[in-house]
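In my numbering, the protein residues as written are 1 to 164.
Shown next, in structure tokens, is the structure this report addresses.
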């Protein structure tokens, strides 16, 4: 069993992992446009950070293909996927990012500020990157909300086993 000491005694990492898996997350594709090229990457770590101003936070692995491009883009869109979008989530991947700029056969439209939006997502929120916070092997990006759309459908809940 993996464990290490904390200020509160011995931390049982296997139990912590099991507990963390009980936290429910949606499934999202972060899209952005850089130099006329569309990019997309799947993530499950998105949440509201503030009401005033309206800020969303996303967490992206620093080793993700497209991470540097996302920082350069400044404007990004959080596409909220529905249960019927499992193949799109897999297409843009959680790890290798091999299809991050492959939008062939994927219908998109553009938000007011130019972010690509997946045509059939259940919702989309366009943000301007305002801050990045180092978080170990990830970075938390704070985005001020610029625009949003909502469409019919229920959002997908992330299940790690679906993406293994």
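In this text, a Cβ means the ideal position worked out from N, Cα and C, and glycines have one as well.
Look up residue 92 in the DSSP assignment and say whether it is helix, strand or coil. As a first step, residue 92 must be located in the chain shown, where it is residue number 92. It is helical.
Please determine, among 120, 134, 104, the residue with the shortest C-alpha to C-alpha distance to residue 86. Within the chain shown, residue 86 is the residue found at index 86, counting from 1. It is 120.
If you draw a straight line from the C-alpha of residue 16 to the C-alpha of residue 138, how long is it? The residue labelled residue 16 in the question sits at position 16 within the chain shown. The residue labelled residue 138 in the question sits at position 138 within the chain shown. Cα-Cα distance, rounded: 19 Å.
On the three-state DSSP scale, how would you describe residue 150? Indexing the chain shown from 1 puts residue 150 at position 150. In the structure shown, residue 150 falls within a strand segment according to DSSP collapsed to helix, strand and coil.
Extent of the continuous alpha helix (DSSP H) to which residue 80 belongs: Against the chain shown, residue 80 aligns to sequence position 80. Looking at the DSSP string, residue 80 is not in any alpha helix (DSSP H); the run it does join, the beta strand (DSSP E), is 75-80.
Rounded to whole angstroms, what is the Cα-Cα separation between residue 127 and residue 45? As a first step, residue 127 is located in the chain shown; it is residue number 127 there, counting from the start. As a first step, residue 45 is located in the chain shown; it is residue number 45 there, counting from the start. So the alpha carbons of these two residues sit roughly 15 Å apart.
Report yes or no: do three or more beta-carbon pairs, one from the segment 103-114 and one from the segment 60-70, lie closer than 8 Å? Between the segment 103-114 and the segment 60-70, the count of Cβ pairs shorter than 8 Å is below three; the stretches do not touch.
Boundaries (first-last residue) of the beta strand (DSSP E) holding residue 106: Residue mapping note: residue 106 aligns to position 106 of the chain shown, counting from 1. Where residue 106 is concerned, there is no enclosing beta strand (DSSP E), given that its DSSP letter is neither H nor E.
DSSP three-state assignment for residue 132, whether helix, strand or coil: As a first step, residue 132 is located in the chain shown; it is residue number 132 there, counting from the start. In the structure shown, residue 132 adopts extended strand secondary structure according to DSSP, grouped into three states.
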